[in-house]
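**Student:** This is the structure I have questions about; it appears just below.
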Amino acid sequence: MASSKSEYRFLFAGGGTGGHLFPAVAVAEKIKARIPEADILFVGTKSKIEGRVVPKLGYKFKSIWIKGFSRTFTLENILFPIKLIVSLFQSLIINISFRPKVAIGSGGYVSGPAIWGSSVMGAKIILLEQNSFPGVTTRILERYADEIHISYEDSKKYLKQHMKIKVTGNPVRESLNRIDKEEALRHFDLNIHKKTILTLGGSLGAYSINEAMAHLLSTIKEKDLQVIWQTGNIYYDRYKALTSEGIIIVPFINDMNFAYSAADIVIARAGATTIAELLVLGIPSVLIPSPNVAENHQYYNAKSLAEENAAILIEDKDVQNVLTDKLISIIFDSKKLDELSSNTKKFSKPDAASQIAESAIKFADAL
628 MASSKSEYRF LFAGGGTGGH LFPAVAVAEK IKARIPEADI LFVGTKSKIE GRVVPKLGYK
688 FKSIWIKGFS RTFTLENILF PIKLIVSLFQ SLIINISFRP KVAIGSGGYV SGPAIWGSSV
748 MGAKIILLEQ NSFPGVTTRI LERYADEIHI SYEDSKKYLK QHMKIKVTGN PVRESLNRID
808 KEEALRHFDL NIHKKTILTL GGSLGAYSIN EAMAHLLSTI KEKDLQVIWQ TGNIYYDRYK
868 ALTSEGIIIV PFINDMNFAY SAADIVIARA GATTIAELLV LGIPSVLIPS PNVAENHQYY
928 NAKSLAEENA AILIEDKDVQ NVLTDKLISI IFDSKKLDEL SSNTKKFSKP DAASQIAESA
988 IKFADAL
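Just so we're aligned: the sequence shown equals residues 628 to 994 in the numbering used here.
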């Protein structure tokens with residue numbers, strides 16, 4: 628146990644999306660639980676989710692100027708080299724001031740300069756890779772890493788530093804848990820005797836999933852099903868008039884524990900955090916990967932599970948034509964639902980955050 632705050636200094640870098648941020652937060656929570664006096668600093672960008680969320684969670688936060696390289700030509704791409712150079716200098720200054728013993732990179736472009744700065748300062752480096760197909764930042768930084776914690780066995784073939792790899796799973800926050808199903812259904816004023824579909828498109832929503840759900844509603848009513856449908860903030864006004872008995876339509880769900888606990892099956896994008904949560908809770912799912920993400924990583928996430936019968940994969944281009952028949956064929960098949968649930972649990976690694984936190988603490992103790 629540390630005798631002063633300065634003995635345990637952990638820098639976390641990652642963000643841009645919740646899928647990169649929240650695994651890092653889960654590890655930070657575990658470190659704080661073990662060593663309350665640990666000094667923890669997050670590095671990110673002000674304009675992305677980490678800039679809003681991290682200060683509210685009570686952690687120190689420093690921002691750098693970096694922005695990702697767009698796949699289409701933009702003025703931002705012209706500025707990218709300048710922003711990268713400035714961010715490298717900013718990262719060095721942050722690291723010189725903070726002097727981390729251990730730096731944990733959880734992905735996203737922001738982690739590149741920050742983790743490089745930590746390695747220059749002699750910190751131990753831990754990388755977290757949530758996706759089946761590792762991101763470009765992880766592949767660049769792996770040479771500096773002391774450990775690389777991956778979520779999928781598949782990821783190994785895309786990385787070179789095999790001796791550093793541990794298949795630990797994707798950390799999820801400790802607050803995630805199942806509650807009584809009847810209580811969860813009553814929370815949404817739903818019938819406890821009906822099968823329930825939970826549809827998620829992320830906080831912003833997913834147009835293709837929303838359109839497929841709009842067409843699916845007549846079948847849902849005909850089959851005496853009910854749905855909790857998160858449209859995303861930008862699509863809510865388009866669909867809110869479709870609300871009726873057993874059809875709960877909301878822009879955003881604040882307490883996912885109630886939503887997950889009410890669901891017999893989930894329709895969702897295949898983001899790493901969503902998948903990790905579904906696996907830990909053992910919920911059957913239909914995954915519809917977003918085609919608009921870097922390196923098509925959501926498709927590879929979903930494919931890894933579908934190949935092991937731990938989820939149903941529908942490609943975004945097929946969702947309008949396939950979703951209704953696929954969903955109806957599954958939701959009334961108790962054996963299939965149990966099979967999917969059982970297989971998800973084989974992939975689940977609920978202790979991922981604890982294991983990574985323990986590694987980080989051991990590295991800090993050794994310095």
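Glycine included, each C-beta is placed from N, C-alpha and C at the ideal position.
Note that the structure is a prediction, hence the values are computed from the model and not measured.
1) What does DSSP give as the partner residue(s) for D666 in the beta ladder?
2) So what does V877 bridge to, in DSSP terms?
3) Between the stretch 817-829 and the stretch 929-949, do three or more beta carbon pairs fall short of 8 Å?
4) Apart from the five residues on each side of it in sequence, which residues of its chain come closer than 7 Å, Cβ to Cβ, to F725?
5) CB Q925 to CB R896, shorter than 8 Å?
6) Assess contact between the stretch 676-696 and the stretch 723-742, defined as three or more Cβ pairs (one per stretch) separated by less than 8 Å. Is contact present?
7) Measuring only the C-alpha atoms, how far is D891 from L754?
8) How many Å lie between T900 and V670 at the Cα?
9) Here's the rule: buried if 16 or more other CB atoms are within 10 angstroms of the residue's CB, otherwise exposed. What is T795?
10) How many Å lie between A640 and A730 at the Cα?
11) Across which residues does DSSP place F959 in a beta bridge pair?
12) Tell me which same chain residues have a C-beta within less than 8 Å of the C-beta of A629, skipping the five on either side of it?
13) How would you write the range of the beta strand (DSSP E) that G646 sits in, first residue to last?
14) Count the other CB atoms, across all protein chains shown, that sit within 10 Å of the CB of P650; report buried if there are 16 or more and exposed otherwise.
15) Compute the beta-carbon to beta-carbon distance between S718 and A741, rounded to the nearest angstrom, for a pair I have assumed lies under 8 Å.
16) Out of E774, V949, I720, I792, which has the shortest C-alpha to C-alpha gap to E995?
17) Taking the straight line between their C-alpha atoms, what separation do you get for K643 and L914?
18) How about the stretch 904-914 and the stretch 975-987: do they share at least three Cβ pairs that are nearer than 8 Å?
19) Could you spell out the range, first to last residue, of the beta strand (DSSP E) harbouring H814?
20) Ends of the alpha helix (DSSP H) at G739?
21) Count the other C-beta atoms from every protein chain shown that fall within 10 angstroms of the C-beta of S738, then say buried if there are 16 or more, exposed otherwise.
22) With a threshold of 7 Å, establish whether the CB of G873 neighbours any heavy atom of the ligand COA.
23) Which value, in whole angstroms, describes the spacing of the CA atoms of S631 and E872?
24) Mind checking who I910 pairs with in its DSSP beta bridge?
25) Starting from A730, follow its DSSP beta bridges and name the residues at the other end.
26) Going by alpha carbons, who is nearest to F990 out of I955, S733, I676, E774?
27) If you draw a straight line from the C-alpha of L812 to the C-alpha of V877, how long is it?
28) In three-state terms, what does DSSP make of I941?
29) According to DSSP, is A890 part of a helix, a strand, or is it coil?
30) Could you tell me the alpha carbon to alpha carbon distance between I988 and L994, rounded to whole angstroms?
31) From this set, L825, K787, I983, H647, which residue's C-alpha is nearest L954's C-alpha?
**Tutor:** Once the coordinates are examined:
1) R636
2) Q857
3) no
4) R636, L638, L668
5) yes
6) yes
7) 34 Å
8) 20 Å
9) buried
10) 8 Å
11) Answer by DSSP bridge pairing: none, since F959 is not bridged.
12) Because A629 sits at a pLDDT of 40, beneath the cut-off of 50, its placement in the model cannot be relied upon, and the following sentence gives the value as read from the coordinates. Around A629: Y635, I662, E664, A665.
13) It is not in any beta strand (DSSP E) - G646 instead sits in the alpha helix (DSSP H) that spans 645-661.
14) buried
15) 5 Å
16) Here the chain has residues from 628 to 994 only, and residue 995 is not among them.
17) Correcting the residue type first, residue 643 is Gly in the shown sequence and not Lys. Their backbone Cα atoms lie some 22 Å apart in a straight line.
18) yes
19) That residue, H814, is in no beta strand (DSSP E); its alpha helix (DSSP H) goes 808-814.
20) 738-747
21) buried
22) By its list of ligands, the structure shown contains no ligand whatsoever, and the ligand COA lies outside what it can speak to.
23) At S631 the pLDDT is 43, less than 50, meaning the model places this residue with poor confidence; the figure from the coordinates comes in the next sentence. Taking the straight line from one Cα to the other gives about 57 Å.
24) Looking at the DSSP assignment, I910 forms no beta bridge with any residue, so it has no partner.
25) L638, I752
26) E774
27) 15 Å
28) coil
29) coil
30) 10 Å
31) L825
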